[in-house]
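Numbering follows our numbering, in which position 201 of the sequence shown is assigned residue number 659; successive positions increment by one, without gaps. For every residue, glycine included, the Cβ atom is placed at its ideal position computed from N, Cα and C. Here the structure is a predicted model, which means the values were calculated and not measured. This report refers to the structure that appears directly beneath it.
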Amino acid sequence: MSSKEELYQEIHNLLQEKNGVSMYGVLKTQEGETVKKINIADEQKCVNNTTQGLLDGFSEVIERKMSDYQEDEKILKLSSADERSNGLYYYDLENFPEEMKKMLEVSNSPEEIEMFNFREDSLDRIRAFIVVIGNVEDQIILYKQQYPVSLLKRDRYMLTPILHENRLKKVEQDILRIDFNYQFFLWKGTVYISDIEKMEKICSFHEIIRNEAKKSIEVIEQMNIIDDVESLTDELENVSFARKLTKIYKDSKVIGKIDNRRIIEFTQSHSYFKSNPLKLNAEQDKFILDTKRSKNTFVKLLNDDLLTSELTRSDYEVLAKNNV
């Protein structure tokens with residue numbers, strides 16, 4: 459996996475080339491959602507036409523966002539997402555949400571996608587845009603959520619100027635307002651995300667992360683270290699908690715490496731557990747997770763978020779960390 463700096467340089471180089479831009483709408487239908495290509499009409503004898511304006515606007519935002527990631531560090535796996543606010547993640551889960559599948563559909567088979575037709579389709583059915591920028595060799599594909607407030611309906615009685623007549627007239631058609639923001643993007647077959655919380659709200663993500671979290675619970679059950687594994691299953695409706703469980707399954711530094719007795723002894727010695735104790739059963743060989751707080755503490759334990767400085771011998775809770 460590239461570093462942030464390498465990814466930025468690749469995309470920056472693409473944006474310096476002679477590129478085109480295509481737009482696709484993700485439409486709500488009775489059968490679900492479908493993708494249709496948007497036909498962009500350019501004004502005649504206009505250098506800065508609609509296509510060029512869209513290309514320039516999205517390219518500028520891509521450059522600005524990517525410039526924030528010019529740090530020589532690895533891009534993080536989504537399954538190992540931590541609490542850092544400026545992280546860039548790549549999607550590494552087995553199943554994709556429908557929104558990302560639509561991006562892959564545009565990437566893999568653009569020629570098979572129908573054209574948006576005003577006789578059959580309407581602007582108010584557009585839920586999102588997929589924007590493709592690039593050339594024959596490389597493309598960056600953006601996913602942009604579309605909100606109802608971005609559609610200005612003609613029934614709101616809007617007026618537009620007629621400049622050569624120096625007067626106003628009523629707008630006779632709906633107006634679609636486009637800003638140049640986007641939520642995640644596809645580059646060379648990999649989906650990259652910078653705002654996980656927004657991605658979770660946009661995407662049909664909950665069921666995917668629940669299923670991944672269940673795999674972690676199965677592994678934890680095999681450890682035989684908690685009294686009742688169902689206590690974790692009860693929390694799967696909480697997406698944030700489920701994602702932390704997924705991190706255990708995909709990238710645990712503890713499971714399979716540290717035996718149960720040593721894990722339990724650690725909870726007896728680390729200062730964090732003085733204010734966040736984990737109860738043990740009568741045999742002192744299993745944890746009892748009977749509160750939300752104890753479940754969160756247990757997840758932190760298996761994610762190895764509790765560290766001791768070799769220099770100062772001080773104990774820390776470290777939610778964002780890089781391997782060295």
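Under the DSSP assignment, alanine 671 falls in the alpha helix (DSSP H) whose first and last residues are 664-681. DSSP, read as helix, strand or coil, puts valine 687 in coil. Listed in chain order, the non-local C-beta contacts of valine 697 below 7 Å within the same chain comprise Glu658, His664 and Ile667, local neighbours out to five positions each way being set aside. Between valine 484 and lysine 560 the beta-carbon gap is near 6 Å, inside 8 Å, which marks them as a contact. Annotated three-state conformation of isoleucine 498 is coil, per DSSP. A residue is called buried once 16 or more other Cβ atoms fall within 10 Å of its Cβ, and alanine 671 is buried on that count. Residues of the same chain with a CB within less than 6 Å of the CB of threonine 725, apart from the 5 flanking positions on each side, are Phe731 and Leu736 in chain order. Taking each of Asp500, Asp550 and Lys495 in turn and checking the Cα distance to tyrosine 482, the smallest one comes out for Lys495. DSSP places glutamate 491 in the strand class (E or B) of the three-state scheme. Measuring C-alpha to C-alpha distances from leucine 759 to each of Ala740, Asp748 and Lys702 identifies Lys702 as the nearest. In the three-state reduction of the DSSP assignment, arginine 635 falls in the coil class. When rounded, the separation of the alpha-carbon atoms in valine 649 and serine 565 is 12 Å. Spatial neighbours of phenylalanine 699 in its own chain (CB-CB distance under 6 Å, excluding positions within 5 residues in sequence) are listed in chain order as Glu693.
Just so you know, the alpha carbons of serine 727 and serine 461 end up roughly 37 Å apart. For isoleucine 591, the enclosing beta strand (DSSP E) covers residues 584-592. As the crow flies, the alpha-carbon of histidine 622 is around 34 Å from that of valine 519. If you compare the alpha carbons of Arg577, Glu695, Glu521 and Asn477 with that of leucine 513, the shortest gap goes to Asn477. Apart from sequence neighbours up to five positions away, the residues of its chain that approach phenylalanine 642 with a beta-carbon distance below 7 Å are Tyr601, Val649, Tyr650, Ile651 and Met657, ordered along the chain. Cβ atoms of asparagine 593 and glutamate 521 stay farther apart than 8 Å, at about 17 Å. In this structure, phenylalanine 745 and aspartate 685 form a Cβ contact; the two beta carbons are roughly 7 Å apart against a cut-off of 8 Å.
Looking at the backbone, the Cα of glutamine 680 and that of tryptophan 645 are separated by about 38 Å. In the assembly as shown, alanine 586 is a buried residue. Its beta-carbon has 16 or more other beta-carbons within 10 Å. Assignment of glutamine 726 by DSSP, reduced to helix, strand and coil, places it in the helix class. DSSP places threonine 766 in the strand class (E or B) of the three-state scheme. Between proline 555 and cysteine 661 the beta-carbon gap is near 4 Å, inside 8 Å, which marks them as a contact. Residue state for glycine 483 is assigned as strand, using DSSP reduced to three classes.
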